[in-house]
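S.K.:
In the numbering used here, the protein residues as written are 743 to 1189.
1. Would the segment 1119–1132 and the segment 835–853 be scored as touching if the rule is three or more Cβ pairs under 8 Å?
2. Would DSSP call residue 1184 helix, strand or coil?
3. With distances taken from CA atoms, which of 975, 1161, 828 and 1005 is nearest residue 894?
4. Using a Cβ-Cβ cutoff of less than 8 Å, which residues in the same chain neighbour residue 985 once the five nearest sequence positions on both sides are dropped?
5. Count the other CB atoms, across all protein chains shown, that sit within 10 Å of the CB of residue 1038; report buried if there are 16 or more and exposed otherwise.
6. So, for residue 1184: in the same chain, excluding its five sequence neighbours on each side, which residues have a beta-carbon less than 6 Å away from its beta-carbon?
7. Buried or exposed: residue 1033, going by 16 or more other Cβ atoms within 10 Å of its Cβ?
8. Which residues mark the beginning and the end of the alpha helix (DSSP H) in which residue 828 is found?
9. Can you round the beta-carbon distance between residue 1015 and residue 818 to whole angstroms, since I take them to be within the 8 Å contact cut?
10. Taking the beta carbon of residue 1091 as the centre, do at least 16 other beta carbons fall within 10 Å, making it buried, or is it exposed?
11. Whole-angstrom Cβ separation of residue 745 and residue 991, contact assumed at under 8 Å?
12. What's the C-alpha gap between residue 903 and residue 1123?
13. Could you check where the alpha helix (DSSP H) with residue 1049 kicks off and where it finishes?
14. Pick helix, strand or coil for residue 924, following the three-state DSSP scheme.
15. Measuring CA to CA, which of 977, 825 and 1143 is closest to residue 859?
16. Nearest by alpha-carbon distance to residue 1083: which of 931, 1019, 899 and 847 is it?
17. Determine the extent of the alpha helix (DSSP H) in which residue 848 is found, giving its start and end residues.
18. Buried or exposed for residue 1006, please, with buried defined as at least 16 other CB atoms from any protein chain shown within 10 angstroms of its CB.
19. Among 1011, 1165 and 1012, which residue has its Cα nearest to the Cα of residue 1043?
20. What residue from 964, 1150, 811 and 928 has the CA that sits closest to residue 1081's CA?
21. Between which two residues does the alpha helix (DSSP H) carrying residue 998 extend?
22. Just the C-alpha distance for residue 800 and residue 786, rounded to the nearest angstrom, thanks.
23. Under a three-way DSSP split, which group does residue 1043 fall into?
24. Enumerated in chain order, which unbroken segments of the alpha helix (DSSP H) with a length of 4 residues or greater are wholly contained in the segment 1126–1153?
25. How would you label residue 821, buried or exposed, when you count the other beta carbons within 10 angstroms and need 16 or more for buried?
26. Mind checking whether residue 777 and residue 962 have CB atoms under 9 Å apart?
27. Nearest-angstrom Cα distance between residue 750 and residue 1162?
28. Secondary structure at residue 1017, three-state DSSP: helix, strand or coil?
29. By the 10 Å Cβ neighbour count, where 16 or more other Cβ atoms means buried, how is residue 959 classified, buried or exposed?
30. For residue 1189, name the three-state secondary structure that DSSP assigns.
In structure tokens:
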């Protein structure tokens, strides 16, 4: 649940909304949206108890064609963009101590990010149990890091920090706030990015015991704690940094560490990098399964639905996700990657939530061990529509048109290869070759 965004997004949220008070409101509202969205998805996860997240929900509710668009988008855009952004976050913090006083060169950042993606991919391909253990260890590292930042802020307050008084006193807290739809939308993109783990459990529903009990319990506890923690961390940042200092920082936790810890500020760089590594590992774990499930349902090449005969990991899907993530990494920067990820993801979240409303209204007889009040998915659907439209109403950018065209260009592949099931002989031969080379085989549905 705790992502790398809390170490990278605060400066962007503040830059978009323009004031410390408004930035804290964005962080709190992002937590509320994530909570409502996660609870809505929990009901879907108990109605459709299959792994695959949005893809499998859209497939079961709307059918093959919309599901194909979702599969292509999540496999080629949403998950790779998410992985690339987390890798860049890690690389920024890992290289920060070596470039004191200036931002690390982008070539160095990209190389470190690429190496990190390859390491995480290797771990997930070779041993899923090791990947899960790494996730637990680095979750502890993330919580300890954020707790340390909160404690550091409390200490600064007890010592009479004048900065926090200046930042959050009534007449200054909301001075300079930007109220345009595009800036608010972009601010929510950055804030919600930090809560992006709210949907990860729905990608591995088949692997959970008693999801009707454990999913909602995990959602409520996790998001409530994380929202409170994020607010305290942002207050801690504002305790020692002016808005100008925060917005100009490329690694806000390092800047905070330099001010609070002095020469030991590099510790925050290491801690933030370790935290980002854990987030990257968790995203990789769920991202490979999206590709795997889509292929298993006939929406992607068969080779991607196979698993290693000994390790039982979906290695072809993980390798494919790795390659796409590395390609995304080459031209992208953190801010633009997060914005395009959010625009695309919330487009399909809106489709999924409309599907939940359809099931609640038209098919109330379906067994659902867990129910949410209908007002929650309605509110999140409204928020999703706002998040898709806001960035393109005030100041439209051509890049969003490119993303939209890419999504709908999937029809050129769907009609011949999925609808009419054309299968070139070369693809069959390639599948057999890769199956032998990677030592993979078709698996039962409950893998």
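Just so you know, even glycine gets a beta-carbon here, dropped at the ideal spot from N, CA and C.
M.R.: Taking the structure as given:
1. The segment 1119–1132 is not in contact with the segment 835–853.
2. strand
3. 975
4. 756, 761, 762 and 909
5. With a threshold of 16 other beta carbon atoms within 10 Å, residue 1038 meets it and is buried.
6. Sequence-distant partners of residue 1184 (beyond 5 residues in either direction) whose C-beta falls short of 6 Å from its own C-beta, in its chain, are 1048.
7. buried
8. Run containing residue 828: 821–837, per the alpha helix (DSSP H) assignment.
9. Contact flag wrong, Cβ pair sits at about 27 Å.
10. buried
11. Not confirmed; about 18 Å, so no contact.
12. 41 Å
13. Segment 1048–1050 is the beta strand (DSSP E) holding residue 1049; no alpha helix (DSSP H) there.
14. helix
15. 825
16. Cα-wise, what sits closest to residue 1083 is 931.
17. 848–868
18. exposed
19. With distances taken between Cα atoms, residue 1043 lies closest to 1165.
20. Residue 928 holds the alpha-carbon nearest to the alpha-carbon of residue 1081 among 964, 1150, 811 and 928.
21. 994–1003
22. 11 Å
23. coil
24. 1140–1150
25. buried
26. yes
27. 45 Å
28. Under the three-state reduction of DSSP, residue 1017 is assigned to helix.
29. exposed
30. Any reading at residue 1189 is ruled out, since the residue's pLDDT is 46, under 50, leaving its predicted position unreliable.
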